[in-house]
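To start, the structure itself, in structure tokens.
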């Protein structure tokens with residue numbers, strides 16, 4: 002066996018063992034990964050004893066910060082190794098059959114779907130409380146970065162970067178910097194409209210409107226771990242967005258608003274939120290015209306989160322304004 006083939010086969014074995022440790026559910030998928038590793042034609046691919054296995058799992062759990070992210074990277078590493086090994090002829094000593102490689106790729110696809118679904122769910126679970134729109138035109142003369150720092154200190158769980166007037170190159174830089182700020186606060190960073198900027202900034206997700214790409218087409222562009230939210234103005238639109246498998250739905254404007262500009266629709270009121278929530282929508286965001294005076298009514302109607310712009314970003318103290326709304330959410 003060529004040294005390079007031996008090295009790559011050993012790497013493949015270790016990555017399969019790691020993936021087997023990280024992906025423990027569902028049982029059928031875990032078993033398939035295990036059998037794939039057992040069938041790898043290389044010395045050492047058989048099961049290790051129970052004690053050593055427990056020690057390995059304990060060591061991995063103590064050493065890894067983010068299991069899902071490591072699992073996703075491991076899947077990518079295995080895919081790269083398979084592609085490389087596939088390029089060698091049998092004379093090289095590579096004994097992987099086409100059938101084994103095809104089976105491995107099918108298992109990797111299932112593993113990736115499982116892991117990315119878990120990552121998206123972890124992000125969706127954070128979509129609770131106060132969600133702030135950061136728009137360069139609605140900052141009261143302050144920078145979008147200062148506003149973002151303030152609202153996150155105030156307890157906002159998510160930020161949406163909405164920018165209608167900046168060139169794309171500057172938007173990318175802004176988005177990357179905003180993503181870094183959000184990451185430091187363990188908050189979601191969502192990009193409005195622009196899937197390319199969502200990808201380049203490694204955002205938590207993308208927010209789209211009714212006239213943008215569909216959820217399905219947006220998922221082709223974004224990576225599998227990014228969530229997608231969609232704006233809705235009617236119950237019918239919300240039902241359609243749910244059928245598209247949007248990760249969260251925004252309903253609004255709930256009240257009259259000036260920050261949506263020419264795209265502002267007729268206010269839908271809290272009754273629309275109540276009706277949409279009754280349809281089993283898992284994560285619902287109320288948006289538009291929400292202030293400290295009416296936030297309670299929006300939460301009472303069933304909103305999991307309120308999306309706010311000027312009531313926070315134009316406030317004298319955005320941190321305090323955010324905290325006041327967070328307090329209302331936490332009192333529910």
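Numbering (the numbering used here), first residue to last: 2 to 333.
The beta-carbon is built from N, C-alpha and C at its ideal position, and this holds for glycine as well.
Original post:
How is residue 29 classed by DSSP in three states: helix, strand or coil?
Top reply: Of the three classes helix, strand and coil, the one that applies to residue 29 here is helix, per DSSP.
**OP:** Any chance you could list the alpha helix (DSSP H) runs of at least 4 consecutive residues sitting entirely within the region 143–217, in chain order?
**Re:** Counting only runs of 4 or more, we get 145–154, 169–185 and 196–201.
**OP:** Assuming residue 297 contacts residue 329 (C-beta within less than 8 Å), just tell me the rounded distance between them.
**Re:** Between the beta-carbon of residue 297 and that of residue 329 there is about 6 Å, and that keeps the pair under the 8 Å contact cut.
Subject >> Alpha-carbon to alpha-carbon, residue 87 and residue 102 >> reply: Computed Cα separation, rounded: 8 Å.
**OP:** Answer with buried or exposed for residue 169, where buried requires no fewer than 16 other C-beta atoms within 10 angstroms of its C-beta.
**Re:** Counting Cβ neighbours within 10 Å, residue 169 comes out exposed, since fewer than 16 surround it.
Original post:
How many whole angstroms separate the CB atoms of residue 255 and residue 231, which I take to be in contact at a CB cut-off of 8 Å?
Top reply: Between residue 231 and residue 255 the Cβ distance is about 16 Å, and since that is not below 8 Å, they are no contact.
**OP:** Please list, in chain order, all residues of the same chain as residue 180 whose beta carbon is under 7 Å from its beta carbon, the five residues on each side excluded.
**Re:** Correct list, in chain order: 190, 202, 203 and 204.
Original post:
Considering only residues of the same chain and omitting the five flanking positions on each side of residue 140, which have a CB-CB separation below 6 Å?
Top reply: Closer than 6 Å at the Cβ level, and outside the excluded window around residue 140, lie 148 and 314.
Original post:
Apart from the five residues just before and just after residue 61, which ones in its own chain have a Cβ nearer than 6 Å to its Cβ?
Top reply: So the qualifying residues of the chain are 22.
**OP:** For the beta strand (DSSP E) containing residue 231, list its first residue and its last residue.
**Re:** Segment 228–233, the beta strand (DSSP E) holding residue 231.
**OP:** Measure the Cβ-Cβ separation of residue 182 and residue 206 and say whether it is below 7 Å.
**Re:** No; because the gap between Cβ atoms is not below 7 Å, this pair is not in contact.
Original post:
If you run the structure through DSSP and keep just helix, strand and coil, what is residue 306?
Top reply: In the three-state reduction of the DSSP assignment, residue 306 falls in the strand class.
Subject >> Touching by the beta-carbon criterion (3+ pairs, under 8 Å), the region 61–80 and the region 4–17 >> reply: Verdict: yes, contact present.
**OP:** Grab me the residues of residue 303's own chain with a C-beta within less than 7 Å of its C-beta, minus the 5 sequence neighbours each way, in chain order.
**Re:** Here the set comprises 274, 275, 278 and 285.
Subject >> Identity of the residues DSSP links to residue 252 by a beta bridge >> reply: Bridge partners of residue 252: 233 and 287.
Original post:
So which of 58, 172 and 226 has the shortest CA-CA distance to residue 164?
Top reply: Among 58, 172 and 226, the Cα nearest to that of residue 164 is on 172.
**OP:** Measure how close the beta-carbons of residue 36 and residue 94 come, nearest whole angstrom, since I'm counting them as under 8 Å.
**Re:** Contact flag wrong, Cβ pair sits at about 23 Å.
**OP:** Answer with buried or exposed for residue 145, where buried requires no fewer than 16 other C-beta atoms within 10 angstroms of its C-beta.
**Re:** So residue 145 ends up on the buried side.
Original post:
Can you name, in chain order, every residue of its own chain whose Cβ lies under 7 Å from the Cβ of residue 224, other than the five neighbours on each side?
Top reply: So the qualifying residues of the chain are 200.
**OP:** Would you check if the distance between the CB atom of residue 226 and the CB atom of residue 120 is smaller than 7 Å?
**Re:** Yes.
Subject >> Assigned exposure category for residue 39 - 16 Cβ within 10 Å defines buried >> reply: Exposed is the call here.
**OP:** Would you identify the three-state DSSP class for residue 139, choosing helix, strand or coil?
**Re:** Residue state, collapsed to three classes: coil.
Original post:
In or out: residue 299 buried (at least 16 other Cβ within 10 Å) or exposed?
Top reply: Residue 299 should be labelled buried.
Original post:
Is the CB-CB distance between residue 157 and residue 131 below 7 Å?
Top reply: Yes, Cβ-Cβ distance for residue 157 and residue 131 is below 7 Å.
Original post:
How many angstroms separate the CA atom of residue 308 from the CA atom of residue 30?
Top reply: When the Cα atoms are used, residue 308 and residue 30 turn out to be separated by approximately 38 Å.
Subject >> Exposure label - residue 107; buried when at least 16 CB within 10 Å >> reply: Residue 107 is exposed by the Cβ-count criterion.
Subject >> residue 130 - partner residues in DSSP beta bridges >> reply: Paired residue(s): 306.
Original post:
So the alpha helix (DSSP H) residue 4 belongs to, where does it begin and stop?
Top reply: Start and end: 4–23.
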